[in-house]
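Participant:
Next up, the structure:
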């Protein structure tokens, strides 16, 4: 893990004596533009709201970092952010403290299915169906069934190559499975559906930037892609559009690693990170949606902006949310099968 030195933080600590005595909490996330966005949208408000200072770390390996610190008896993290499946896996491994919801009133705005004893939804991103408007013109695909229908919608395809997650779900949706019946996954059925499409899949992309480039270069006619990435391509002039219908949503969640140095401060920090007024700032800094639904009532997010945010109430209704518990249990075996499928 890497300590993030912040000039602003240091300056604040030196500026006045009270800051030297302020309560300190630590927070770990994935670094880069994402963590910078969270800092600007939310964390920078922590000192004035709660007289607390935050020490930031960057996760290098996600759950592996948390596991190493907790099992090594040297955990210095109060709050960590993990991908959805990792949150449940960490809980199953006994790596997390139980959340004290009496100290997290802002949790009330988080959808109930994303409030767990050991983790809570924070932000989210979605895999959507995007298509070239020059190719499909007035007859665009509307769902994953259309994506898989290469007779009605001929053309090249691209899928995420990371893992079966989202790919298996969208294959089942394409095969007629209702959203509320997708889990537990019928794995054989999903792979059978994917096998039929495979000859038309010209690329399995392995990074967000590669997916964006596939659209800007018009290399493929249709692709599964993160909503923020296709938005970026469209802003660059790519003749593409996308549909939120049947998008696959994955959630970033907050956890308190076992042995937190400041467990009470950790609960305060979780509550601060879920503050709807500050969550409403997130889309101004990062292409992720705020998970607190009250953020959309703050007055900061216009209806026009909300229409482009995957976590808005209307957009969530059209999507399938990844089942973190299912993937925590089955990830290893499904990853092996996915890797074999791609060959």
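Residue numbers (mature numbering (1 follows the signal peptide of the UniProt record, and there is no 0)): -21 to -1, 1 to 322. We treat Cβ as the ideally placed atom computed from N, Cα and C, and that holds for glycine. Computed from a predicted model, the values in this text were never measured in an experiment.
For residue 274, which residues in the same chain have their Cβ closer than 6 angstroms to its Cβ, ignoring the five residues on either side in sequence?
Facilitator: For residue 274, where only same-chain residues beyond five positions count, the Cβ hits under 6 angstroms are 255, 258, 259.
Participant: By DSSP, does residue 311 sit in helix, in strand, or in coil?
Facilitator: Reduced to three states, the DSSP call for residue 311 is helix.
Participant: So, helix, strand or coil for residue 320, using DSSP?
Facilitator: The answer is helix: DSSP assigns residue 320 an H, G or I state.
Participant: Could you pull the DSSP bridge partners for residue 300 from this structure?
Facilitator: For residue 300, which the question treats as bridged, DSSP gives the partners 228.
Participant: Report yes or no: do the segment 51 to 58 and the segment 270 to 289 share at least 3 C-beta pairs separated by less than 8 angstroms?
Facilitator: Verdict: no, contact absent.
Participant: Could you say which of 216, 69, 110, 268 lies nearest to residue 230 if we only look at CA atoms?
Facilitator: The residue with the shortest Cα to Cα distance from residue 230 is 268.
Participant: Compare the Cα-Cα distances from residue 298 to each of 280, 225, 308 and report the closest residue.
Facilitator: Of the listed residues, the one whose Cα sits closest to residue 298 is 225.
Participant: By a C-beta neighbour count over all protein chains shown, 10 Å radius and 16 as the cutoff for buried, is residue 323 buried or exposed?
Facilitator: Only positions -21 to 322 of the chain appear in the structure, and residue 323 is not among them; the question remains open.
Participant: Compare the C-alpha of residue 95 against each of 250, 261, 233 and name the closest.
Facilitator: Ranking the options by Cα distance to residue 95, first place goes to 233.
Participant: What would DSSP say about residue 180, mapped onto helix, strand or coil?
Facilitator: If DSSP states are grouped into helix, strand and coil, residue 180 belongs with the strands.
Participant: Taking the continuous alpha helix (DSSP H) assigned at residue 136, which residues delimit it?
Facilitator: Unbroken run through residue 136 is the beta strand (DSSP E), 136 to 139; no alpha helix (DSSP H).
Participant: If residue 250 and residue 84 are in contact, beta carbons under 8 angstroms, what's the gap, nearest whole angstrom?
Facilitator: So it is a contact: roughly 7 angstroms between Cβ atoms.
Participant: Would you kindly work out how many angstroms separate the C-alpha atoms of residue 62 and residue 193, rounded to a whole number?
Facilitator: Computed Cα separation, rounded: 25 angstroms.
Participant: Does the distance from the CB of residue 252 to the CB of residue 42 come in under 7 angstroms?
Facilitator: No, these two residues do not count as a Cβ contact at 7 angstroms.
Participant: Would the segment 300 to 317 and the segment 59 to 76 be scored as touching if the rule is three or more Cβ pairs under 8 angstroms?
Facilitator: As far as the Cβ criterion goes, the segment 300 to 317 touches the segment 59 to 76, which means the pair count is three or higher.
Participant: Quick test of your reading: residue 78 and residue 137, contact by CB under 8 angstroms. State the CB separation rounded to the nearest angstrom.
Facilitator: Contact flag wrong, Cβ pair sits at about 38 angstroms.
Participant: Start and end of the alpha helix (DSSP H) containing residue 99?
Facilitator: No alpha helix (DSSP H) holds residue 99; the beta strand (DSSP E) holding it covers 99 to 111.
Participant: Can you list the beta strand (DSSP E) stretches of 3 or more residues lying completely in the segment 20 to 75, in chain order?
Facilitator: DSSP runs (the beta strand (DSSP E)) wholly in the segment 20 to 75: 31 to 37, 58 to 62.
Participant: For the putative contact between residue 143 and residue 270, defined by C-beta atoms under 8 angstroms, what is the C-beta separation to the nearest angstrom?
Facilitator: Incorrect: roughly 24 angstroms between the Cβ atoms, too far for contact.
Participant: Can you tell me whether residue 214 is buried or exposed, with buried defined as 16 or more other CB within 10 angstroms of its CB?
Facilitator: Its Cβ having fewer than 16 others within 10 Å, residue 214 is exposed.
Participant: Any idea what DSSP makes of residue 188, helix, strand or coil?
Facilitator: Reduced to three states, the DSSP call for residue 188 is helix.
Participant: Out of 212, 173, 246, which one is the CA nearest neighbour of residue 319?
Facilitator: Answer by Cα proximity: 173.
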